[in-house]
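First up is the structure itself, then whatever we jot down about it.
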Amino acid sequence: MYKIDLLPSDPEQFFALQTGNYDRRELKRSYGKAIRQFKPDEHPAEFQLIRQAYERLERALRYQADNDRSEQANSAWQRLPTIPPSANSAEPASTFPNLKHDSYESQSIEQLAIANPNEAFAQLRRQPSRTPQEYYLTAVLTDFSHSDQRHPFLMELLDGLAIHSNDPGLMSLTLEYVRNEISDDELIDAICLIAERNRTPLCYALTETLWTRLVRQRPFESWSKELDSFESKLRQTSPRTRACFSIRLLHSAIWNAPRQWTHDRLTQIESNSAHLDEASQYELEFLEAIGQILEHTSPETESNAVRRHLLTLIKSHCEANEGEAIGVVVPIIAELVRDPTTFRDAFPMNHDPSIEGWVTAVQILVNELSPYTIQDEHEQRNDNQPIIRLLKELEPTVVQVLNGQERARSKYYIHPMIAWSLIGTLVGSLFTIPIALMFNTGDLGVVLCAALIVMWLVAMLLSYYRWLYPKYLKARHERMTLQWLLEGYSQFWRQRLFRLAQTTDQPIGHLLNQINHLSKATMNTNTGNTVHYFATQDAGLIIFVSLRSLL
90 MYKIDLLPSD PEQFFALQTG NYDRRELKRS YGKAIRQFKP DEHPAEFQLI RQAYERLERA
150 LRYQADNDRS EQANSAWQRL PTIPPSANSA EPASTFPNLK HDSYESQSIE QLAIANPNEA
210 FAQLRRQPSR TPQEYYLTAV LTDFSHSDQR HPFLMELLDG LAIHSNDPGL MSLTLEYVRN
270 EISDDELIDA ICLIAERNRT PLCYALTETL WTRLVRQRPF ESWSKELDSF ESKLRQTSPR
330 TRACFSIRLL HSAIWNAPRQ WTHDRLTQIE SNSAHLDEAS QYELEFLEAI GQILEHTSPE
390 TESNAVRRHL LTLIKSHCEA NEGEAIGVVV PIIAELVRDP TTFRDAFPMN HDPSIEGWVT
450 AVQILVNELS PYTIQDEHEQ RNDNQPIIRL LKELEPTVVQ VLNGQERARS KYYIHPMIAW
510 SLIGTLVGSL FTIPIALMFN TGDLGVVLCA ALIVMWLVAM LLSYYRWLYP KYLKARHERM
570 TLQWLLEGYS QFWRQRLFRL AQTTDQPIGH LLNQINHLSK ATMNTNTGNT VHYFATQDAG
630 LIIFVSLRSL L
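Numbering (my numbering), first residue to last: 90 to 640.
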């Protein structure tokens with residue numbers, strides 16, 4: 090059980106994570122369990138606290154921020170609210186946090202802020218140095234400063250981050266302000282303000298959400314020019330930070346960007362991929378798969394309904410806040426997987442240059458969402474009987490399904506070899522045997538003719554294996570073998586495997602492993618291996634089973 094009273098002061102203890110000894114996957118898994126306990130529709134306030142805590146830790150891991158904090162720094166922020174009050178708040182004093190420091194000076198500043206906010210603000214501004222908490226106090230008191238500056242609250246927080254760049258409290262407050270208090274009309278102004286106050290790689294994390302909002306509002310060409318100008322002004326000291334920033338931007342930008350721009354960005358990220366953690370590597374692979382799909386189609390131009398809805402699903406996941414994505418995509422998935430026939434039609438068993446991208450994108454999407462939805466292993470249905478019945482039903486038709494292999498071998502290997510050898514030997518012999526008989530008409534001539542025939546036969550076989558077959562027939566042989574095998578699978582087995590998929594909620598890997606295990610246990614190893622091979626070639630089945638595992 091998760092104790093909500095640990096938030097916002099101690100998110101790591103709330104998620105049951107050992108400080109400094111966890112990765113993004115462990116964090117996501119714990120977050121998924123937490124939001125199953127505090128569901129958004131039943132506990133909206135608690136869900137917001139959990140989401141903010143998750144995003145704070147996730148962003149720190151992604152950008153490799155220094156999370157080391159002393160006990161004193163941690164306790165100093167315990168009573169501070171996670172979300173700062175609006176700079177336009179009419180009653181800031183009523184929401185001011187009850188700071189409890191040990192020193193008399195801190196107590197007097199708090200009392201002065203309540204009694205005389207203007208004097209407290211001036212006194213704080215005159216101090217040669219301020220703690221993170223005092224920067225926050227100054228930001229709250231900007232309501233009384235009558236400043237003509239835009240976003241004075243944000244400017245004070247940015248000044249604090251310039252001095253205390255690793256302070257998690259200031260970072261969290263700034264990010265929440267940027268997320269909630271910047272209107273759409275102020276996006277560019279806010280980005281410029283942050284870039285002016287902080288030219289370090291920290292600026293990437295601070296402006297990430299602003300850029301993703303802006304790309305959905307502006308024409309892409311205008312947006313990319315603004316981005317280039319922004320990046321040119323930063324003091325780039327961390328290739329990893331820029332790569333992580335680009336990955337997050339591409340989640341939103343890839344849908345409208347020209348293919349060349351996407352390719353250039355992905356190439357740039359790949360050049361720094363050695364600096365990325367495992368989760369970022371998966372995100373990069375996910376974006377590459379989306380790029381492969383978008384080379385051939387788009388959500389607006391795709392004619393097939395299932396593929397169009399899948400693209401919409403992937404796009405919704407990319408553009409939603411990670412903590413809220415599951416609520417956006419699960420209803421779409423539930424509607425999609427109602428009819429397996431549509432998946433068989435959407436992904437037929439033929440060559441499609443984008444099919445690898447589809448499979449990779451959906452499987453990574455499922456992997457991203459599974460910590461939020463998949464049941465514990467002991468809770469999952471694990472009925473072996475449907476698989477055992479399936480193996481028995483399929484066994485009589487194994488020969489028919491595999492007939493395409495022998496058919497292709499005969500047509501593109503055996504028959505050409507026989508024809509090439511016989512015709513070549515015959516033609517060669519017709520030219521060489523008369524010449525040999527002109528000089529030797531006796532027994533020696535007969536032996537010589539036989540030797541010439543054998544020589545021509547061996548020569549034609551060697552030329553077939555070393556030249557004709559590898560150069561002209563091998564690729565066609567392999568292509569037609571696969572095509573005819575898949576046709577046999579589509580005709581005899583595919584519909585039955587989709588029926589099996591409707592009875593399970595297991596991920597595709599677990600289902601295939603179970604088929605292999607049961608085929609050995611029931612002495613149907615050959616059938617099980619054949620089913621496993623065809624299932625791994627069936628993009629529609631893989632996508633259908635993977636999506637069902639989320640429900």
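Ideal placement from N, C-alpha and C gives every residue a C-beta, glycine not left out.
Own chain residues within Cβ distance below 7 Å of residue i, not counting five before or after
i: residue 354; result: 335, 339
i: residue 221; result: 249, 253, 256, 258, 259
i: residue 546; result: 510, 514
i: residue 403; result: 379, 450, 454
i: residue 271; result: 279, 299
Coarse secondary structure for residue i, derived from DSSP in three states
i: residue 109; result: coil
i: residue 304; result: helix
i: residue 619; result: helix
i: residue 319; result: helix
i: residue 490; result: helix
i: residue 233; result: helix
i: residue 314; result: helix
i: residue 336; result: helix
i: residue 100; result: helix
i: residue 364; result: helix
i: residue 273; result: helix
i: residue 436; result: coil
i: residue 248; result: helix
i: residue 38; result: Here the chain covers residues 90 to 640 and nothing more, so residue 38 does not appear.
i: residue 137; result: helix
i: residue 92; result: coil
i: residue 552; result: helix
i: residue 290; result: coil
i: residue 428; result: coil
i: residue 256; result: coil
i: residue 298; result: helix
i: residue 499; result: helix
i: residue 240; result: coil
i: residue 639; result: coil
i: residue 278; result: helix
i: residue 353; result: helix
i: residue 510; result: helix
i: residue 579; result: helix
Cβ neighbours of residue i in the same chain (closer than 6 Å, five flanking residues each side left out)
i: residue 636; result: 422, 426
i: residue 446; result: 378, 381, 382
i: residue 449; result: 378
i: residue 243; result: 266
i: residue 460; result: 117, 118, 121
i: residue 53; result: No information on residue 53 is available, as it lies outside the stretch 90 to 640 that the chain covers here.
i: residue 227; result: 213, 245
i: residue 431; result: 395
Which listed residue (the options) has its alpha carbon closest to that of residue i
i: residue 559; options: 615, 631, 501; result: 501
i: residue 600; options: 117, 472, 384, 403; result: 472
i: residue 487; options: 532, 505, 620; result: 620
i: residue 592; options: 96, 441, 476, 386; result: 476
i: residue 347; options: 146, 308, 322; result: 308
i: residue 613; options: 629, 569, 532, 483; result: 483
i: residue 317; options: 300, 327, 204; result: 300
i: residue 341; options: 306, 125, 362, 331; result: 306
i: residue 481; options: 385, 610, 124; result: 610
i: residue 362; options: 343, 330, 345, 349; result: 330
i: residue 458; options: 424, 405, 431, 441; result: 405
i: residue 387; options: 408, 345, 350; result: 345
i: residue 638; options: 590, 555, 232, 495; result: 590
Cβ distance (whole Å) where residue i is taken to contact residue j below 8 Å
i: residue 429; j: residue 633; result: 6 Å
i: residue 283; j: residue 296; result: 5 Å
i: residue 505; j: residue 562; result: 6 Å
i: residue 478; j: residue 587; result: Between residue 587 and residue 478 the Cβ distance is about 15 Å, and since that is not below 8 Å, they are no contact.
i: residue 312; j: residue 303; result: 6 Å
i: residue 366; j: residue 145; result: About 17 Å; that fails the 8 Å criterion.
i: residue 438; j: residue 622; result: Not a contact, Cβ separation roughly 13 Å.
i: residue 550; j: residue 594; result: Contact doesn't hold; Cβ gap of about 55 Å is too wide.
Interface flag, residue i vs chain B, CB-CB below 7 Å
i: residue 365; result: Among the protein chains of the structure shown there is no chain B, as only one such chain exists.
Residue i: CB within 6 Å of a non-hydrogen atom of the ligand ATP
i: residue 505; result: Summarising the ligand content, the structure contains no ligands, and the ligand ATP is consequently not present.
Same chain, Cβ closer than 8 Å to residue i, neighbours up to 5 away in sequence not counted
i: residue 542; result: 514, 518, 522
i: residue 333; result: 151, 152, 293, 365, 369
i: residue 359; result: 373
i: residue 138; result: 93, 96, 97, 171
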